[in-house]
Amino acid sequence: MGRPYYIFSSGILRRKDNTLYFESVEANDVFDEEVLCFVGYPDVDDSEGVSKRKPIPVEDVDSIYVFSEITFNTRFLNFLSQNNILLHVFNYYGFYSGTFYPREFLNSGRLIVKQVENYIFDDLRLILARKFVDGSSYNMLRNLKSYMPNDDLKVYVDAIEEERVKIESCGDISELMACEGHIRNAYYGAWDLITKDDFFAFDKRTKQPPRNAINALISFGNSMLYTAVLGEIYKTHLNPTISYLHEPSERRFSLALDIAELFKPIIVDRLIFKLINKKQISQEDFEVDLNFCYLSEEGRKKFVKEFNDLVESTIKHRNLGRNVSYRGLIRLECYKLIKHLLGDQDYEPIKVWWY
Amino acid sequence: MYYIVVYDVEEKRVAKVCKLLRKYLHWVQNSVFEGELSDGKFMELKYRLFELIDPEVDSVIIYALQGRWRNREVIGLNKNVAGNVI
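Listed in order, the protein sequences are those of chains A and B. Numbering-wise (the numbering used here), the first sequence opens with residue -15 and increments by one. Numbering-wise (the numbering used here), the second sequence opens with residue 8 and increments by one.
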């Protein structure tokens, strides 16, 4: 099992000796201001014998996250494809740009047929969509309850619980989405009581662009989670474009959005609470302008490191009786979904039991 | 399991062994590699090493460490940090 690699320095990624090499290139070394890219694909051999070349063990790589300016060629991409490595790209502002998604290496026609079947028939689709809303709202509730000594939160907890009852009676997807929206509003309403830091005041959820620090954290965290889920789906037979809660016609791999919904409260939100309350992240880690706010490079590094530590940390799984990492839980969620689709076992979304 | 691999092989095979190890582990010093490997990956590496070296003259030592026995202290220059944030 490999690990994700996060690249914050600029330079060249290269295939060499059947493994990956990172060569850092200082921006003013071979940077052509006019064309705004590294000139060609230079071989940066150091004449003084000091090698800036850093081999990355390919067998240890699960996926690559690029946050900086990187040059690579098709030879490199082909090599990634051979090794089933996903490459996620983030733009200058730290927003998710896209993924190099290598050719599917696990194919199952039978499962695709089942996936589509469960989408086309509204009643079947609704069953799954409800489960996603049920699971994610349960996990949100659990987050609030773990801060329950704070009595002011009770209003929000009640509001969510009231709304949760309606999930079962929702007749179609749009109703369900509305229900989910109400739950999320109540949930976000409670955040100011948990974080208690004026700089991280919530106000309201804004995207594209996020207007304040907490929105910037949520957006960045969600895109990190989205890529992690996509990476796990890639290792299963599931097709990432056929989804149930979100419309499959959306631009992204929407099944990853469905599954990420369950894990947002468990991974992203709790990480944000922790970072703010332990004062690990502060005003200096953000770049604020008139109508947007995003994480600075330092802030991104901090967040990514903490995110990685959390996702790799393990908990004892009740049914399996062994330790499973958060990343492993995401994969297990995919397997549960496959079992449901193939009619082996009804899908039950993950509900936090360990905090 | 976390592994440390040190090797002392005949000159003509040094580069080959080094390149092979680069695929699996992090380079830390001349002839020293370390890193985390799954059981399967470790068997694969061991097999490939065995195919490469001449057991009569070459020597490769592999230390296997469980997480709780692991502590890393560097005196002097830390030539390479074996991390996943670059």
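For each residue, glycine too, the CB sits at the ideal point set by N, CA and C. Because the structure is a prediction, the values reported are computed rather than measured.
- With a cutoff of 9 Å on beta-carbon distance, A/L108 and A/I157 are scored as not near each other.
- A straight-line Cα-Cα distance of about 45 Å links A/R189 and B/R29.
- The C-beta separation of A/R195 from A/N75 comes to about 18 Å, leaving the pair out of contact by the 8 Å criterion.
- If you look at A/S8, you'll find it in the beta strand (DSSP E) that goes T3 to S8.
- Selection B/Y54, B/D61 and B/N78 evaluated against B/G42 yields B/N78 as nearest (Cα-Cα).
- Each of B/V88, B/M8 and B/N87 was checked against the Cα of B/G47, and the nearest Cα belongs to B/M8.
- Sixteen is the threshold: since fewer than 16 other Cβ atoms of the shown chains lie within 10 Å of the Cβ of A/F105, the residue is exposed.
- B/D15 has B/S66 as its beta-bridge partners, per DSSP.
- The beta carbon of B/L84 sits no closer than 9 Å to any beta carbon of chain A.
- By the Cβ rule, the segment 173 to 186 of chain A does not count as touching the segment 273 to 290 of chain A, because fewer than three pairs are nearer than 8 Å.
- A/N223 places its beta carbon 9 Å or farther from that of A/Q329.
- In this structure, DSSP gives A/D46 an extended state, which the three-state scheme calls strand.
- Under the three-state reduction of DSSP, A/K300 is assigned to strand.
- Among the CB atoms of chain A, one or more fall inside 9 Å of the CB of B/R29.
- One Cα belongs to A/M161, the other to B/N87, and the distance between them is close to 50 Å.
- Put simply, the CB of A/V141 is far from chain B, with every gap to its CB atoms at 9 Å or more.
- By the beta-carbon neighbour count (other beta carbons within 10 angstroms, threshold 16), A/Y172 is buried.
- Assignment of beta-bridge partners to B/Y9 by DSSP yields B/E43 and B/L72.
- Around the CB of B/W34, 16 or more other CB atoms lie within 10 Å, so the residue is classed as buried.
- Between A/P86 and A/N68, the gap from beta carbon to beta carbon is short of 9 Å.
- Of all residues in the segment 51 to 85 of chain B, only E51 and L52 place a beta-carbon less than 9 Å from a beta-carbon of chain A.
- DSSP lists A/F6 as the beta-bridge partner residues of A/L(-3).
- Of all C-beta pairs linking the segment 117 to 125 of chain A to the segment 242 to 258 of chain A, three or more are shorter than 8 Å, placing the two stretches in contact.
- Judged by DSSP in its simplified three-state form, A/R148 adopts helix.
- For B/V92, the neighbours in chain A by C-beta distance under 9 Å run, in chain order, Y(-11), Y(-10), I(-9), F(-8), K285, V288, K289 and N292.
- Taking a C-beta distance under 9 Å as the contact criterion, A/Q264 and A/K258 qualify as a contact pair.
- Using a CB distance cut-off of 9 Å, B/K48 counts as an interface residue toward chain A.
- Between the alpha carbons of A/N57 and A/I(-4) lies a gap of roughly 9 Å.
- DSSP, read as helix, strand or coil, puts A/W338 in coil.
- With a threshold of 9 Å between beta carbons, B/N87 makes contact with chain A.
- With contacts defined as CB atoms closer than 9 Å, A/V45 and A/I(-9) fail to qualify as a contacting pair.
- For A/E216, the enclosing alpha helix (DSSP H) begins and ends at A197 to Y218.
- For A/T298, the closest Cβ of chain B is not nearer than 9 Å.
- Short of 6 Å from the beta carbon of A/L4, and not among the five residues preceding or following it, lie these beta carbons of its own chain, in chain order: I40 and V42.
- For A/S65, no beta strand (DSSP E) encloses it; the enclosing alpha helix (DSSP H) starts and ends at T58 to Q66.
- DSSP places A/I(-9) within a strand segment (E or B) once states are collapsed to three.
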